[in-house]
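Worksheet: the structure to be examined is printed underneath.
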Amino acid sequence: MSIPSTQYGFVYTKQNGLTLKNDLPVRKPKSGQLLLKIGAVGLCHSDLHVIYEGLDCGDNYVMGHEIAGTVAAVGEDVTGYKVGDRVACVGPNGCGECKYCRGSTDNVCKQAFGDWFGLGNDGGYQQYLLVQRPRNLVRVPGNVSFDVAAASTDAVLTPYHAIKMAKVSPTSNVLMVGAGGLGGNAIQIAKAFGAKVTVLEKKKEARDQAKKLGADEVYESLPGSITPGSFSSCFDFVSVQATFDLCQKFVEPKGIIVPVGLGAPKLSFDLSDLALREVQILGTFWGTTNDLDDVMQLVSEGKVKPVVQSANLKELPEYIDKLRNNAYEGRVVFNP
1 MSIPSTQYGF VYTKQNGLTL KNDLPVRKPK SGQLLLKIGA VGLCHSDLHV
51 IYEGLDCGDN YVMGHEIAGT VAAVGEDVTG YKVGDRVACV GPNGCGECKY
101 CRGSTDNVCK QAFGDWFGLG NDGGYQQYLL VQRPRNLVRV PGNVSFDVAA
151 ASTDAVLTPY HAIKMAKVSP TSNVLMVGAG GLGGNAIQIA KAFGAKVTVL
201 EKKKEARDQA KKLGADEVYE SLPGSITPGS FSSCFDFVSV QATFDLCQKF
251 VEPKGIIVPV GLGAPKLSFD LSDLALREVQ ILGTFWGTTN DLDDVMQLVS
301 EGKVKPVVQS ANLKELPEYI DKLRNNAYEG RVVFNP
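No gaps in the numbering here: position 7 of the sequence shown is 7 in the UniProt record's numbering, and each next residue is one more.
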């Protein structure tokens, strides 16, 4: 595989925002590292939080945290991977040595905070990516395209981890607020877990899509026939105060509320109701290496089919504007 010395990519700085650079060096892997040729990289709402809303993940790095591609070069002492292998990046990029990583909860590794792929550390909005910790890669099945694999590293992984954490089962009666990029995949995951799924969504197009994806009930607003305290778990893929309040109202005693979306930086809850009914609020972040392995299997088996469209990486600024204006549904990935 011929590897160039320079490449193009999109670098984020706090001073200039996201800027296209045409002379980025392609870094050669040292011992314990490998070089990844990017096959596809996804655009996420989290990118907007960084660029426009002040989410601080560091300064001066290549963005893009939903990454899949081919191993292009391998440094000394790397085991388990060879040139040509198809892989995807586990975004949280755990250190591999702390108690959280050793306990298979590498998504909350404190050493990696601010060192995530594409959020603090270099990511996939470029042609080649130096992977410093190959432990944070998983294999992409042969029947899964790079476009789908890249989207799955967040848009499927995040709801999968949340649903798994909430211990959804065939006896679960689940409410999902929002059926966009994450919510649409969450419907399929919860159905794969055997749950009954009710979806609340304002957009007609998203409601129609939710029905196609297998939701049992889909509403613009919950009807009076659904009484408060009806759902064993409520997943809020919007997470503003109004949607969180609705979840607290409709979750059952001993039930679980999972704010997955990042619509508001702070939410308040009714403590008297929370305590009286012993409702749990569950924090959830991205997903683990083991979770992404599970996700790739679900996608490979056709149990989850992400809605993905693709474009050339140099069209990224145009699609960022579209995302800001809610001008498309599903997930967009880019091919460098």
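All residues carry an ideal CB built from backbone N, CA and C; glycine is no exception.
Check, Outcome
"Of the listed residues Val41, Asp321 and Pro259, nearest to Gln241 (C-alpha basis)", "Pro259"
"Option in Phe231, Lys30 and Leu130 with minimal Cα separation from Gln280", "Phe231"
"Simplified DSSP state of Leu137, which is helix, strand or coil", "strand"
"Own chain, CB closer than 7 Å to Asp270, minus 5 neighbours either side, in chain order", "Gln248"
"Assigned exposure category for Ser239 - 16 Cβ within 10 Å defines buried", "buried"
"Contained alpha helix (DSSP H) runs [length at least 4] in the segment 108 to 196, N- to C-terminal order", "146 to 151, 157 to 165 and 181 to 192"
"Simplified DSSP state of Asn335, which is helix, strand or coil", "strand"
"Beta-carbon spacing of Asn93, Thr289 below 8 Å", "no"
"Bridge partner(s) assigned by DSSP for Phe231", "Val251"
"Asn60 versus Asp122: straight-line alpha-carbon distance, rounded", "9 Å"
"Residue(s) in a DSSP beta bridge with Ala40", "Ala68"
"Boundaries of the alpha helix (DSSP H) in which Asn290 is found, first to last residue", "Thr289 to Ser300"
"Chain-order list of residues whose beta-carbon lies under 7 Å from that of Asp208 (same chain, five-residue window excluded)", "none"
"Alpha carbon of Ala192 to alpha carbon of Val41, nearest angstrom", "26 Å"
"Contact under 8 Å by Cβ, Ile187 with Val177", "no"
"Nearest to Gly80 (by Cα), restricted to the options Ala150, Gln7, Leu34 and Val295", "Leu34"
"Member of Ala190, Lys167 and Gly224 whose CA lies at the smallest distance from the CA of Ala210", "Ala190"
"Contact check, Leu36 vs Val138, beta carbons under 8 Å", "no"
"Counted within 10 angstroms of its Cβ, other Cβ atoms place Ile163 as buried (16 or more) or exposed", "buried"
"The segment 94 to 114 / the segment 294 to 304 touching (three or more Cβ pairs under 8 Å)", "no"
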